[in-house]
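Student: The structure that follows is given in the form of structure tokens.
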Amino acid sequence: MEIPKTYNPKETENKWYQYWMEHGFFKSVPDDREPYTIVIPPPNVTGVLHMGHMLNNTIQDVLVRRARMQGKNACWAPGTDHASIATEAKVVAMLKERGIAKKDLSREEFLNYAWEWKEKYGGIILEQLKKLGASCDWDRTRFTMDADMSEGVIDTFIHLYKKGWIYRGVRMVNWDPQGKTVVSDEEVIRKEVNQKLYYIRYEVVGLSEEVGARSGEQGDQQSVISNQLSASDEFLHLTPRTSYLTIATTRPETIMADAAICINPNDERYASFIGKKVLIPLINREIPIILDDYVEMDFGTGCLKVTPAHDLNDYNLGIKHHLPVIDILNDDGTLNEKAEILVGKDRFAARKEIAKLLEEAGNLEKIEEYKSQVGFSERTDAVIEPKLSMQWFCKMEEMAGPALDYVLNGEVKLIPDKFINTYKYWMENVKDWCISRQLWWGQQIPAWYLPNGQFVVAKTREEAFEEAKLLSPQLPDLKIEDLHQEEDVVDTWFSSWLWPISVFDPSFFSGKNSIGNADLQYYYPTNDLVTAPEILFFWVARMIMAGHEFKGEAPFKNVYLTGIVRDKLGRKMSKSLGNSPDPLDLIEKYGADGVRVGMLFSSPAGNDLMFDESHCEQGRNFANKIWNAFRLVKGWEVDQHLSNPNENAIAWFETRFNQALTEIEENFKQYRLSEALMATYKLVWDDFCAWYLEMVKPVYQQPIDAATHKATIQFFKNILKIVHPFMPFLTEELWHDNLFGEREELDCCIVAQQPVIGEINLKLLNEISTIKEVIAEIRNTRNMKQISPKEALPLAVKSNSEINYQTYQPILSKLGNLSEVSFTTEKIAGAVNFIAGTDEFFMELANNVDAEAERERIQKELSYLQGFLKSVNAKLSNERFVQNAKAEIVANEQQKKADAEAKIAILEEGLAAL
RNA sequence: GGGAGAUUAGCUCAGCUGGUUCAGAGCAUCUGCCUUACAAGCAGAGGGUCACUGGUUCGAACCCAGUAUCUCCCA
Numbered sequence: 001m002e003i004p005k006t007y008n009p010k011e012t013e014n015k016w017y018q019y020w021m022e023h024g025f026f027k028s029v030p031d032d033r034e035p036y037t038i039v040i041p042p043p044n045v046t047g048v049l050h051m052g053h054m055l056n057n058t059i060q061d062v063l064v065r066r067a068r069m070q071g072k073n074a075c076w077a078p079g080t081d082h083a084s085i086a087t088e089a090k091v092v093a094m095l096k097e098r099g100i101a102k103k104d105l106s107r108e109e110f111l112n113y114a115w116e117w118k119e120k121y122g123g124i125i126l127e128q129l130k131k132l133g134a135s136c137d138w139d140r141t142r143f144t145m146d147a148d149m150s151e152g153v154i155d156t157f158i159h160l161y162k163k164g165w166i167y168r169g170v171r172m173v174n175w176d177p178q179g180k181t182v183v184s185d186e187e188v189i190r191k192e193v194n195q196k197l198y199y200i201r202y203e204v205v206g207l208s209e210e211v212g213a214r215s216g217e218q219g220d221q222q223s224v225i226s227n228q229l230s231a232s233d234e235f236l237h238l239t240p241r242t243s244y245l246t247i248a249t250t251r252p253e254t255i256m257a258d259a260a261i262c263i264n265p266n267d268e269r270y271a272s273f274i275g276k277k278v279l280i281p282l283i284n285r286e287i288p289i290i291l292d293d294y295v296e297m298d299f300g301t302g303c304l305k306v307t308p309a310h311d312l313n314d315y316n317l318g319i320k321h322h323l324p325v326i327d328i329l330n331d332d333g334t335l336n337e338k339a340e341i342l343v344g345k346d347r348f349a350a351r352k353e354i355a356k357l358l359e360e361a362g363n364l365e366k367i368e369e370y371k372s373q374v375g376f377s378e379r380t381d382a383v384i385e386p387k388l389s390m391q392w393f394c395k396m397e398e399m400a401g402p403a404l405d406y407v408l409n410g411e412v413k414l415i416p417d418k419f420i421n422t423y424k425y426w427m428e429n430v431k432d433w434c435i436s437r438q439l440w441w442g443q444q445i446p447a448w449y450l451p452n453g454q455f456v457v458a459k460t461r462e463e464a465f466e467e468a469k470l471l472s473p474q475l476p477d478l479k480i481e482d483l484h485q486e487e488d489v490v491d492t493w494f495s496s497w498l499w500p501i502s503v504f505d506p507s508f509f510s511g512k513n514s515i516g517n518a519d520l521q522y523y524y525p526t527n528d529l530v531t532a533p534e535i536l537f538f539w540v541a542r543m544i545m546a547g548h549e550f551k552g553e554a555p556f557k558n559v560y561l562t563g564i565v566r567d568k569l570g571r572k573m574s575k576s577l578g579n580s581p582d583p584l585d586l587i588e589k590y591g592a593d594g595v596r597v598g599m600l601f602s603s604p605a606g607n608d609l610m611f612d613e614s615h616c617e618q619g620r621n622f623a624n625k626i627w628n629a630f631r632l633v634k635g636w637e638v639d640q641h642l643s644n645p646n647e648n649a650i651a652w653f654e655t656r657f658n659q660a661l662t663e664i665e666e667n668f669k670q671y672r673l674s675e676a677l678m679a680t681y682k683l684v685w686d687d688f689c690a691w692y693l694e695m696v697k698p699v700y701q702q703p704i705d706a707a708t709h710k711a712t713i714q715f716f717k718n719i720l721k722i723v724h725p726f727m728p729f730l731t732e733e734l735w736h737d738n739l740f741g742e743r744e745e746l747d748c749c750i751v752a753q754q755p756v757i758g759e760i761n762l763k764l765l766n767e768i769s770t771i772k773e774v775i776a777e778i779r780n781t782r783n784m785k786q787i788s789p790k791e792a793l794p795l796a797v798k799s800n801s802e803i804n805y806q807t808y809q810p811i812l813s814k815l816g817n818l819s820e821v822s823f824t825t826e827k828i829a830g831a832v833n834f835i836a837g838t839d840e841f842f843m844e845l846a847n848n849v850d851a852e853a854e855r856e857r858i859q860k861e862l863s864y865l866q867g868f869l870k871s872v873n874a875k876l877s878n879e880r881f882v883q884n885a886k887a888e889i890v891a892n893e894q895q896k897k898a899d900a901e902a903k904i905a906i907l908e909e910g911l912a913a914l
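Shown next as structure tokens:
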């Protein structure tokens, strides 16, 4: 049978994924083995696979597959979240195409459409993950809006409400005027934008005439005013006239909502204005001048307009100074009647118009270009409006403490740990979580309003009615239909913070069973969570909170934080930039194994990944390398009569394998996946293919001895095992070749047990490393002398060390293509020579040594060694070094000295012999 | 503005307790090879003031201070 020269992933990938599924290898049920559990960070149900998912899920799959091969009961629980805003947007778009407007639908009708959309288009991403090889237990697939999952969410709401940790209140929230919903702080993306800073003059009321108007700052600003008034500073003082205060703002359209002007009490420029009032331009409403050192004297004019309804800081200032709140904006971002002017205009249109009006009224002093941060909605990209609104909140203070402790005391490890600082900062400055969303797609808040405005929180209308009756005996005629359920739903994160519990036991939150079902008891807490640092706070931290609150235990032990996948230019890969390759195209092009390897090659935890397709190419090449090693071994014919000439090679590879395995395990322990992969790569490519196979491979068309054949197959099998987590498809394919023997149906690489680390023979490793040096020198000599690799050459060995070159003679002959290996105690004059370790080697060639060139070469090496020796001697003769340095380091230096001296002696002899 | 992190070969990154595992790896580059497993390959080679300036130390890529540049988070 002809085996193709290159590995063809397409043929194997679907086949083996099917096979694994059909034979239930991904499936996990509790048993008496140690569990290893990962819950997937549930991707958005509307999402499609992007490069970030590829990285994230490759890492999870590597961890899960490895655990499975370590004999653990590995469970990777998959699913999606319902992403209320994103999904609702998709559904609205779908309806629009069909000519249906959301406002014409009832809640129930809308939800029917939403479910229809979800069933049809949702969860594509899970199918895509299968192409990557993700070994999730698909029977456990969950969706955050599954009926039982939703019930759990409602149960936790009620629980926290009863505990007093959920409350309803008016707060400043991030309002998305386009989505017409609140969004959380984390869903606001701040961007620096070019804006305009408007300098607006407010007339001071009742200012006595002899006090001069001092508007704004000293210096250039004043000169602007002076120019405009065609008057000097002095003139201002002498002439009775109106006085102004000037404020600088980026949002002139909000002046109608002003409640005060604030100045710094230490600001001498404005000392004479204390206790006065000013008039808001255009509407002439009187507002006070208040004092607060919150105002920075050197920013803008040093005067701040205070608009509590439309700015968070102003709101806080307003509370402090008991200012009224005047909200002039509608939910859609247009001005309402409280604005008095420009009613009905959009906020941005109003901004332009009011600038004109102010100018006409003489209140606009100047406009400056200004850069500042503006918040945009992550979902709709609308400019976020700080807005006071009645919302539901979840108190964070009590939950944040324990959640912080888990991380600080190491019960939950963040990898890399540099994120502990960020986490700590967040948790110590945590704000209450606004959990209500003005949407339909999500879990409707279980609060029920009575006709008198009071409300009760209960799971069902019936329960709510019972509670309501207790609450309002003064409403004897209260009927169950009079209750009106809260329209809002809870934030999607209010579902996903329960994820590590709810995927296993959604009914756990009912409180009926305090320890949960068998799954929860077995799998919780999970082991590793793999996610992005961006959601460390609003998902990871909250899961820890929920884990602690409901289960009394953190939901995972390790949090592996991946970086952002960027393009070659360092830009984040995104749909809008169009700089992201389609992951499925990549898989098509390089094979899933190749892409997995490509993703992992340079992705240390927490560091961004500069993605380059060439990494995938390297991954594909690696797959091909293994494939071809297989072709070689597969092609060997065994002759039972031959004795084994490869004992050294076999012993060496075995010890080298153990050494590499130690490194790999160490890397895995520290979650250095890219280094574990690199160690595996080098073991396979360099040690196994380039050295071991070359050492043992028989001459073309000659048979191989049975012992070598058997050992090689065993090595190959072990290689398949350690490569499997990274390259599951190729390894499974080869595993089933009859080269490795007959296989039972369930004897698969995916469940093969990882090899156990055996003995490491350092002496052998050192000796072979000298042998490799000798071979490299021989090849180098060939290269320099332009001698064909086909021409066999003689080698004479003058051994000054313990190494028994006799036993390595077969390896030397084969890899160096030597005609003969002889041993000598004398130098061979005129022969090409080199040193490996402290042993000398001579090659008598047809065109032997160019004495002059040789002298130069030796001289060069000699002067290097002499310099080296000098520095070593300098250290050793330094008393303070000998006193202070550790004994082994001094001994080391002495060894270096001895080695250098030995080599120098050899070189000097060689020089003399020329 | 406040905080965190980074800066090592052309690129992407290792470098652990300061000392021959200390200047490394992979890729890329260059040279020579279509040598019967693999040109998606083989054999070699070159390439670095460890951002800069000081300090601590017998000894610094590593510790400390400052400077520069970049990234992220928060306001």
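Under full-length UniProt numbering, residues 1 to 914 are what the first sequence spells out, in order.
Ideal Cβ placement from N, Cα and C applies to all residues, glycine included.
1) What residue does the beta strand (DSSP E) around residue 260 start on, and which one ends it?
2) Answer yes if the region 665 to 681 comes into contact with the region 586 to 594, meaning at least three C-beta pairs across the two stretches below 8 Å, and no otherwise.
3) Have a look at residue 392 and residue 483 and give me their C-alpha separation to the nearest angstrom.
4) Spell out a yes or no on whether the region 61 to 74 and the region 544 to 558 are touching, meaning 3 or more CB-CB pairs, one atom from each, closer than 8 Å.
5) Distance check for residue 479 and residue 47, CA to CA, integer angstroms please.
6) Quick one: grab the DSSP three-state call for residue 646.
7) Extract the residue ranges of the beta strand (DSSP E) inside the region 144 to 186, only unbroken runs of 3 or more that lie entirely within it.
8) DSSP three-state label for residue 908, please.
9) Please report the residue range of the alpha helix (DSSP H) in which residue 128 lies.
10) Please identify the residue among 99, 901, 398 whose C-alpha is closest to the C-alpha of residue 870.
11) Any idea which residues DSSP pairs residue 393 with across the strands?
12) Rounded to the nearest angstrom, how far is the Cβ of residue 550 from that of residue 509, given a contact under 8 Å?
13) To the nearest angstrom, report how far apart residue 499 and residue 408 are at their CA atoms.
14) With distances taken from CA atoms, which of 161, 128, 158, 119 is nearest residue 146?
15) I'd like the ranges of any alpha helix (DSSP H) spanning at least 4 consecutive residues and lying wholly in the region 63 to 133.
16) Taking contact to mean at least 3 C-beta pairs separated by less than 8 Å, is the region 287 to 305 in contact with the region 263 to 271?
17) Assuming residue 345 and residue 337 form a contact by the criterion Cβ under 8 Å, report the distance between their Cβ atoms to the nearest whole angstrom.
18) What residues are listed by DSSP as bridge partners for residue 843?
19) Go through the region 620 to 702 residue by residue and report every complete run of the alpha helix (DSSP H) that reaches 4 residues or more, in order.
20) Rank 148, 173, 648 by C-alpha distance to the C-alpha of residue 388 and give the top, closest one.
21) When DSSP labels each residue in this structure, what does residue 142 get in the three-state scheme?
22) Spatial neighbours of residue 210 within its chain, please: CB distance less than 6 Å, with the 5 preceding and 5 following residues excluded, ordered by chain position.
23) Please state whether DSSP places residue 446 in a helix, a strand or coil.
24) Which whole runs of the alpha helix (DSSP H) in the region 744 to 819 are 4 residues long or more, in chain order?
25) Can you give me the C-alpha to C-alpha distance between residue 839 and residue 860, rounded to a whole angstrom?
26) From residue 691 to residue 150, what distance separates their C-alpha atoms?
27) Residue range of the beta strand (DSSP E) that residue 364 falls in?
28) Helix, strand or coil for residue 42 per DSSP?
29) What does a CB cutoff of less than 6 Å around residue 464 pick up in its chain, not counting 5 residues either side in sequence?
30) Among all the DSSP beta bridges, which residues are the ones paired with residue 822?
31) Kindly indicate which three-state DSSP category residue 278 falls into: helix, strand or coil?
32) Round the Cβ separation of residue 141 and residue 41 to the nearest angstrom and send it over; I've been treating them as touching at under 8 Å.
33) Identify, in the order they occur along the chain, each residue of the same chain with its Cβ nearer than 8 Å to the Cβ of residue 814, setting aside the five sequence neighbours on each side.
34) With H, G and I counted as helix, E and B as strand and the rest as coil, what does DSSP make of residue 901?
35) Just to confirm the assignment: which complete alpha helix (DSSP H) runs, minimum length 4, are found wholly within the region 546 to 580?
36) Going by DSSP, which residues form a beta bridge with residue 303?
Tutor: If we stick to the structure as given:
1) 260 to 263
2) no
3) 18 Å
4) no
5) 44 Å
6) coil
7) 166 to 176, 181 to 183
8) helix
9) 124 to 132
10) 901
11) 167, 434
12) 6 Å
13) 23 Å
14) 119
15) 84 to 97, 107 to 121, 124 to 132
16) yes
17) Actually they are not in contact, since the Cβ atoms of residue 345 and residue 337 sit about 12 Å apart, beyond 8 Å.
18) 832
19) 647 to 669, 673 to 682
20) 173
21) strand
22) Here residue 210 scores only 40 on pLDDT, less than 50, and its place in the model is too uncertain to base an answer on.
23) coil
24) 762 to 785, 805 to 816
25) 19 Å
26) 59 Å
27) 364 to 377
28) coil
29) 448, 456, 458, 483
30) 796
31) strand
32) Between residue 41 and residue 141 the Cβ distance is about 14 Å, and since that is not below 8 Å, they are no contact.
33) 694, 695
34) helix
35) none
36) 263
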